[in-house]
Amino acid sequence: MRGSWARKRGAQKSWTKTAGSAFGLILTLPVLGACQSSTSAVQTTGSLAARPIAVTDEERDCLGRAMYFESNRSDRDGLLAVGTVVMNRVQAAPPGSSICSVVGQPRQFAPGVLTRAMAARDLPKVAEVADAILDGQRHPKVGRAMHFHTAGLRFPYNNMHYVAAAGGNVFYEKRKPGSHELMMPSQPTTAMAYAPAATPSPIQSRMAERDVPAAQTILNEPAKDICRTAGLAMTSQGG
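In mature numbering (1 follows the signal peptide of the UniProt record, and there is no 0), the protein residues as written are -33 to -1, 1 to 206.
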């Protein structure tokens, strides 16, 4: 069976979508590393509004997982920024691509993004931001950007136009050299929000073993729909 997440309802860890459909939650509680970030002003392409969309519980789960494992999950701004990138990539992907197929592409998001366990204490905020994304909200500075990496890293490329810094990441668009003045947040301190893997699953063993900065290359091949084979973290105890 697959686990899911959403809003907490009383003492029972039962979660609901904004639309009202209920589904269960099974969790483990891994100890997560603390994440800190320091940001500075960067150029912006402006906010982009989007129409609300209806998705399955599975698709919503994949969106939340990308935000959870790629951002400082205590930072709503950072969660919203990663969610905006996910939806930008879905829009740019071949017709018929799903949120899960985009999030599950190899070496694009955190290793084990579709299979690792998530901590119950972080999920209410993740659920709230995921629902906001699906209701059409987008990060006001990320705009159409489809790339980000851990804040503090530097790369020798001259086509990276930085537009936002949030949740321990910096977000950028790829533009032709000379079309902009490159700006970079100054020396932030950060740690990626990776959680230790639970029991390895077949899909995890096929994913890249090394941790790499997420979403560093634009989608360059048709998205592979791995949602139904990936599965989410399976545990023997309820959260």
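Glycine is no exception: its CB is placed at the ideal position from the N, C-alpha and C atoms.
Exercise for review: Drop a sphere of 10 angstroms on the beta-carbon of A94, count the other beta-carbons inside from all chains shown, and report buried for 16 or more, exposed for fewer.
Suggested key: Around the beta carbon of A94, a 10 Å sphere encloses 16 or more other beta carbons of the protein chains shown; the residue is thus reported as buried.
Review point. So which of S41, Y35, M54 and P144 has the shortest CA-CA distance to V109?
Key: M54
Exercise for review: Could you have a look at M127 and say whether DSSP puts it in helix, strand or coil?
Suggested key: strand
**Study point:** Whole-angstrom distance between N136 and I20, CA atom to CA atom
**Key:** If you take the alpha carbons of I20 and N136, they lie about 26 Å apart.
Exercise for review: Under the assumption that A131 contacts A77 (Cβ atoms under 8 Å), give the Cβ distance between them as a whole number of angstroms.
Suggested key: At roughly 19 Å, the Cβ-Cβ gap does not stay under 8 Å, so A131 and A77 are not in contact.
**Study point:** Distance CB(residue 258)-CB(F138) smaller than 8 Å
**Key:** Look at the range of the chain in this structure, -33 to 206, and you will see that residue 258 is not part of it.
Exercise for review: Mind checking which residues open and close the alpha helix (DSSP H) that includes residue 210?
Suggested key: Past the boundaries of the shown model lies residue 210; the chain is included only from -33 to 206, so the question cannot be answered.
Point to revise | Alpha carbon of P123 to alpha carbon of E37, nearest angstrom | key: 23 Å
Check your understanding: Under a Cβ-count criterion, where at least 16 other Cβ atoms within 10 Å of its own Cβ denotes burial, should L120 be classed as buried or exposed?
Key -> With a threshold of 16 other beta carbon atoms within 10 Å, L120 falls short and is exposed.
Review point. If we ignore side chains and look at the alpha-carbon of each, how far apart do Q75 and Y35 end up?
Key: Cα to Cα, the separation comes out at about 15 Å.
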